[in-house]
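Just below is one structure, and these are the notes that go with it.
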Amino acid sequence: MKTRDDEELARSFEERLRISAGRPAAIPAGVARTRVLARLPEVSQPVPWLRLTAAAALVVVLIVAVWLGSPRPAGEGRSREVDAFAPALDPNVVMWVLDSRTTVYFVLSRDGSENRGVS
Amino acid sequence: MAVHETAPGVALMGVDATTADLVQAALDGSRDAFGSLVESHWDRLVRLARSVVGDADAEDVVQDSLVVAWTRLAGLSDPQRFGPWVSRIVFRRCLRANHRQRGRIALEAIPEPSRWCDPEASVSAWQVLARLAPRQRAVLHLTAVEGMTDAEIAPLLGITPASVRAHRRRARAGVARIIRGGGR
Numbered sequence: 052m053k054t055r056d057d058e059e060l061a062r063s064f065e066e067r068l069r070i071s072a073g074r075p076a077a078i079p080a081g082v083a084r085t086r087v088l089a090r091l092p093e094v095s096q097p098v099p100w101l102r103l104t105a106a107a108a109l110v111v112v113l114i115v116a117v118w119l120g121s122p123r124p125a126g127e128g129r130s131r132e133v134d135a136f137a138p139a140l141d142p143n144v145v146m147w148v149l150d151s152r153t154t155v156y157f158v159l160s161r162d163g164s165e166n167r168g169v170s
Numbered sequence: 129m130a131v132h133e134t135a136p137g138v139a140l141m142g143v144d145a146t147t148a149d150l151v152q153a154a155l156d157g158s159r160d161a162f163g164s165l166v167e168s169h170w171d172r173l174v175r176l177a178r179s180v181v182g183d184a185d186a187e188d189v190v191q192d193s194l195v196v197a198w199t200r201l202a203g204l205s206d207p208q209r210f211g212p213w214v215s216r217i218v219f220r221r222c223l224r225a226n227h228r229q230r231g232r233i234a235l236e237a238i239p240e241p242s243r244w245c246d247p248e249a250s251v252s253a254w255q256v257l258a259r260l261a262p263r264q265r266a267v268l269h270l271t272a273v274e275g276m277t278d279a280e281i282a283p284l285l286g287i288t289p290a291s292v293r294a295h296r297r298r299a300r301a302g303v304a305r306i307i308r309g310g311g312r
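Taken in order, these protein sequences are the chains called A and B.
My numbering puts the first residue of the first sequence at 52, with every later residue one more than the last.
My numbering puts the first residue of the second sequence at 129, with every later residue one more than the last.
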């Protein structure tokens with residue numbers, strides 16, 4: 052019963068809403084046109100995808116450039132340096148670089164003896 | 129009965145060659161073509177805004193929305209869908225306006241239920257709408273006034289058709305409660 056009453060109330064409200072919506076706008080469409088056109092910026096701006104993409108690419112390039120140009124923390128890039136300056140090693144030699152001043156060499160031999168040292 | 133009084137050739141959700149041509153011309157820089165779009169859609173957009181933000185702010189919100197629509201026109205993927213696209217911009221700006229006006233909506237006295245049956249009674253629909261959530265107002269408006277289907281309303285409000293149905297159900301229950309004097 053209450054549901055039917057509710058439906059009836061909602062229906063009568065919607066009828067009232069339609070009547071209310073039928074009122075003309077306070078500003079006529081022609082006047083609105085003039086007002087809106089007066090406020091428009093010069094050109095319709097296209098979605099700046101190209102500009103956004105170019106800006107993003109530039110940011111990436113800058114980040115990479117800054118990263119490559121910045122001083123590296125100790126240890127970083129060490130292995131390449133060691134590779135560049137280390138003497139050619141025998142295949143039976145294992146070299147451990149512990150830190151910038153300590154390198155440990157293991158020399159493996161068949162007779163089981165192990166010749167090793169610290170440089 | 130749904131209220132449709134847009135200019136001939138400009139349908140609310142339908143596909144229309146004239147609208148598409150005007151949008152294309154506006155995209156090419158014709159302000160005059162955009163002016164024609166404004167004129168064609170003005171009344172319908174004001175009706176929607178009135179139901180969501182009330183009479184006081186509706187026309188300002190629609191004007192602002194149309195300026196925004198001009199600047200974003202290049203983002204409209206299908207020129208034939210200008211109607212729902214611009215309605216969505218209006219609805220979003222209504223939500224923002226609603227957020228700003230929260231707390232300053234004067235909740236006038238709700239009329240006696242019997243007066244709703246009296247067509248002469250000068251009862252403002254806004255008195256009731258103002259007590260509903262903005263999305264409920266929009267769903268009620270687009271259903272009852274514009275005669276749109278759930279599938280048409282959903283993309284316009286950025287919700288699913290099932291959510292449209294839920295909003296409408298809650299809106300109707302809320303309307304009945306408010307008119308009976310139960311408030312929110």
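The beta carbon of each residue, even a glycine, is placed where N, CA and C say it ideally should be.
Subject >> C-alpha gap between valine 158/A and serine 121/A, whole angstroms >> reply: 38 Å
Original post:
Taking just the CA atoms, how far does alanine 197/B sit from alanine 225/B?
Top reply: 17 Å
**OP:** Just tell me which of Leu91/A, Asn143/A and Trp100/A has its CA closest to the CA of threonine 199/B.
**Re:** Leu91/A
Original post:
Any beta-carbon of chain B closer than 8 Å to the one on aspartate 57/A?
Top reply: yes
Original post:
With distances taken from CA atoms, which of Arg209/B, Glu167/B, His169/B and Ala186/B is nearest alanine 148/B?
Top reply: Arg209/B
**OP:** Indicate whether at least one CB of chain B lies closer than 8 Å to the CB of arginine 84/A.
**Re:** yes
**OP:** Report the three-state DSSP secondary structure of threonine 85/A (helix, strand or coil).
**Re:** helix
Original post:
How would you write the range of the alpha helix (DSSP H) that serine 168/B sits in, first residue to last?
Top reply: 159 to 181
Original post:
When the distance is taken between beta carbons, is leucine 165/B closer than 8 Å to alanine 177/B?
Top reply: no
Subject >> For alanine 272/B and glutamate 65/A, the rounded distance between their alpha carbons >> reply: 6 Å
**OP:** Would you tell me roughly how many angstroms separate the C-alpha atoms of valine 189/B and proline 262/B, rounded to the nearest one?
**Re:** 14 Å
Original post:
Which word fits serine 215/B, buried or exposed, when buried means at least 16 other C-beta atoms lie within 10 angstroms of its C-beta?
Top reply: buried
**OP:** Would you mind sorting valine 115/A into buried or exposed? The rule is 16 or more other CB atoms within 10 Å of its CB.
**Re:** exposed
**OP:** Please confirm if glycine 120/A has its CB atom under 8 Å from at least one CB of chain B.
**Re:** no
**OP:** Give, in chain order, every residue of the stretch 65 to 80 of chain A whose Cβ lies closer than 9 Å to some Cβ of chain B.
**Re:** Glu65, Glu66, Arg67, Leu68, Arg69, Ile70, Ser71, Ala72, Gly73, Arg74, Pro75, Ala76, Ala77, Ile78, Pro79 and Ala80
Original post:
So serine 291/B is in the alpha helix (DSSP H); what residue range does that whole segment cover?
Top reply: 289 to 308
Original post:
Mind pulling the chain B residues with CB within less than 8 Å of arginine 90/A?
Top reply: Gln191 and Val195
Original post:
Taking buried to mean at least 16 other C-beta atoms within 10 Å of its own C-beta, is valine 150/A buried or exposed?
Top reply: It is worth fixing the name first, because residue 150/A is aspartate in this sequence and not valine. By the 10 Å Cβ count, aspartate 150/A comes out exposed.
**OP:** Tell me whether leucine 60/A is buried or exposed, calling it buried when 16 or more other Cβ atoms sit within 10 Å of its Cβ.
**Re:** buried
Subject >> Under 8 Å between C-beta atoms of isoleucine 207/B and valine 151/B >> reply: The sequence as given places proline at residue 207/B; isoleucine does not occur at that position. Cβ atoms of proline 207/B and valine 151/B: closer than 8 Å.
**OP:** Give, in chain order, every residue of the stretch 252 to 277 of chain B whose Cβ lies closer than 9 Å to some Cβ of chain A.
**Re:** Ser252, Ala253, Trp254, Val256, Leu257, Leu268, His269, Thr271, Ala272, Val273 and Glu274
**OP:** Please list, in chain order, all residues of the same chain as threonine 54/A whose beta carbon is under 6 Å from its beta carbon, the five residues on each side excluded.
**Re:** none
Original post:
Do arginine 296/B and valine 256/B have their C-beta atoms closer together than 8 Å?
Top reply: no
Subject >> Same chain, Cβ closer than 7 Å to arginine 159/B, five either side skipped, listed in chain order >> reply: none
Original post:
How would you list, in chain order, the residues of chain B whose beta-carbon sits under 7 Å from the beta-carbon of alanine 61/A?
Top reply: Arg300, Val303 and Ala304
**OP:** Could you tell me the distance, in whole angstroms, from the CA atom of threonine 85/A to the CA atom of glutamate 167/B?
**Re:** 9 Å
Original post:
Which stretch, first to last residue, makes up the alpha helix (DSSP H) that contains serine 215/B?
Top reply: 210 to 229
Original post:
For chain B, is any of its Cβ atoms less than 8 Å away from the one on valine 87/A?
Top reply: yes
Subject >> Straight-line gap, valine 180/B to arginine 102/A (C-alpha atoms, nearest Å) >> reply: 36 Å
Original post:
Along chain A, which residues have their Cβ under 8 Å away from the Cβ of aspartate 171/B?
Top reply: Pro75, Ala76 and Ala80
Original post:
In three-state DSSP terms, what is alanine 186/B?
Top reply: helix
Original post:
How big is the Cα-Cα spacing for alanine 186/B and isoleucine 287/B?
Top reply: 22 Å
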